[in-house]
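Colleague: Numbering (my numbering), first residue to last: 5 to 269.
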Amino acid sequence: MKASLLTRVSWGALITAIYIFLLAPLLVVFVISFDTRPYLSFPPAGFSFGSYIAVAKNEGFVRAFGVSLLVGVVSALLALAAGVPAALLLTRQKFAGRGALSALFLSPLLVPHIVLAVGILLVLAPVDLLDSYTGLIMAHVGITIPYVIRTVSLSLASIDPASEESARVHGASAITVFRRVTLPLAAPGLLAGGVIAFLVSFDEAVIALFIATNRVSTLPLAIYHYIEFRTDPQIAALSVILIMVSMLLMVLVERVVGLRRALKG
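(1) Rounded C-beta distance between Ser193 and Thr155? I'm assuming under 8 Å.
(2) In terms of alpha-carbon separation, which member of Tyr228, Gly198, Glu208 and Ser159 lies closest to Met254?
(3) When burial is assigned at 16 or more other CB atoms within 10 Å of the CB, is Ala226 buried or exposed?
(4) Less than 8 Å between C-beta atoms, sequence neighbours within five positions excluded: which residues of the same chain meet that for Arg96?
(5) Take Leu128 and list the residues in its own chain whose beta-carbon comes closer than 7 Å to its own, dropping the five residues that flank it on each side.
(6) Count the other C-beta atoms from every protein chain shown that fall within 10 angstroms of the C-beta of Glu63, then say buried if there are 16 or more, exposed otherwise.
(7) Determine the burial state of Tyr151: buried for a count of at least 16 other Cβ atoms within 10 Å of its Cβ, exposed for fewer.
(8) Could you tell me if His4 is buried or exposed, where buried requires 16 or more neighbouring beta carbons within 10 angstroms of its beta carbon?
(9) Classify Val100 as buried or exposed, calling it buried when 16 or more other Cβ atoms lie within 10 Å of its own Cβ.
(10) At which residues does the alpha helix (DSSP H) containing Leu126 begin and terminate?
(11) By the three-class DSSP mapping on this structure, what secondary structure does His144 have?
(12) Quick check on this structure: which residue in Leu213, Met142, Thr186 and Ser111 has the alpha carbon closest to the alpha carbon of Val77?
(13) With DSSP collapsed to three states, give me the class of Gln238.
(14) Helix or strand or just coil, what does DSSP make of Tyr43?
(15) Specify whether the stretch 201-208 and the stretch 70-85 touch according to this definition: at least 3 beta carbon pairs, one from each stretch, less than 8 Å apart.
(16) Going by the beta-carbon positions, is the gap between Phe46 and Val59 smaller than 8 Å?
(17) Return the CA-CA distance between Ile118 and Ala21, expressed in angstroms with no decimal places.
(18) Mind checking whether Asp236 and Tyr23 have CB atoms under 8 Å apart?
(19) Taking DSSP as the reference, what is the three-state secondary structure of Val71?
(20) If Val220 and Ser136 are in contact, beta carbons under 8 Å, what's the gap, nearest whole angstrom?
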């Protein structure tokens, strides 16, 4: 009994220590974001919302935020448009080479982004798509499709085939079955895939560093260029804002459909 209690306490202490280790940098950034000094230092000398106001007035950050938002939304929608049919093909059809095709679709998850960035640079440069919305969106669609395929495939795999077969037996066409039966049942996976695709696109920095410069500078790229010359609490404040945006989106998915249900169908 005592050994069991000691084991539970030890595991609890270990897990708590791991959480503190992982969250400590975020807490430090959060505290520093309210510092009144024009440079990063911990602990802060005073507390104010000046850095957050400065971020809102920083035209470079505001413009880059708009670029990231537009690219993220369009990339997520296009990734859904391409990923859903691919997920249907992989989960509903049996054919030779299905495993190889699945591995091909998911391969961007295994390749380092810097390697992808070099490859995308070599592809886009000859067709004059560098530093353009089209080129950036194409690149982001390529890296976000695997997340959509993965989440939608999990939802589709959990759908009882009998529900679709019943609709077909009663005379529904394949399109009607997909629209009235399959799509609503797989909606949690679609929502989760779309949100994850948006977050991956919105936070992506390595590929943007290679193929975007001034005209379509994304927010991560604007942050990178900003800290090349200065480090002040604005960066901490902007980091807190980005973390809050990501957390709010994931909480939204959890509240609307449940995160586990979204990932499992």
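Cβ coordinates follow ideal geometry from the N, Cα and C atoms, glycine included.
Modeller: Per the coordinate set shown:
(1) The sequence as given places Gly at residue 193; Ser does not occur at that position. Contact holds; Cβ gap of about 5 Å.
(2) Nearest C-alpha to Met254: Gly198.
(3) So Ala226 ends up on the buried side.
(4) Leu160
(5) Leu134, Gly139 and Ile215
(6) exposed
(7) buried
(8) Past the boundaries of the shown model lies residue 4; the chain is included only from 5 to 269, so the question cannot be answered.
(9) Looking at the sequence shown, residue 100 is not Val but Ala. Answer is exposed; the Cβ neighbour count stays below 16.
(10) His117 to Leu128
(11) If DSSP states are grouped into helix, strand and coil, His144 belongs with the helices.
(12) Its Cα nearest to that of Val77, the residue Met142 stands out among Leu213, Met142, Thr186 and Ser111.
(13) helix
(14) In the three-state reduction of the DSSP assignment, Tyr43 falls in the coil class.
(15) yes
(16) No; because the gap between Cβ atoms is not below 8 Å, this pair is not in contact.
(17) Each residue's Cα considered, the two are about 33 Å apart.
(18) no
(19) It is helical.
(20) 6 Å
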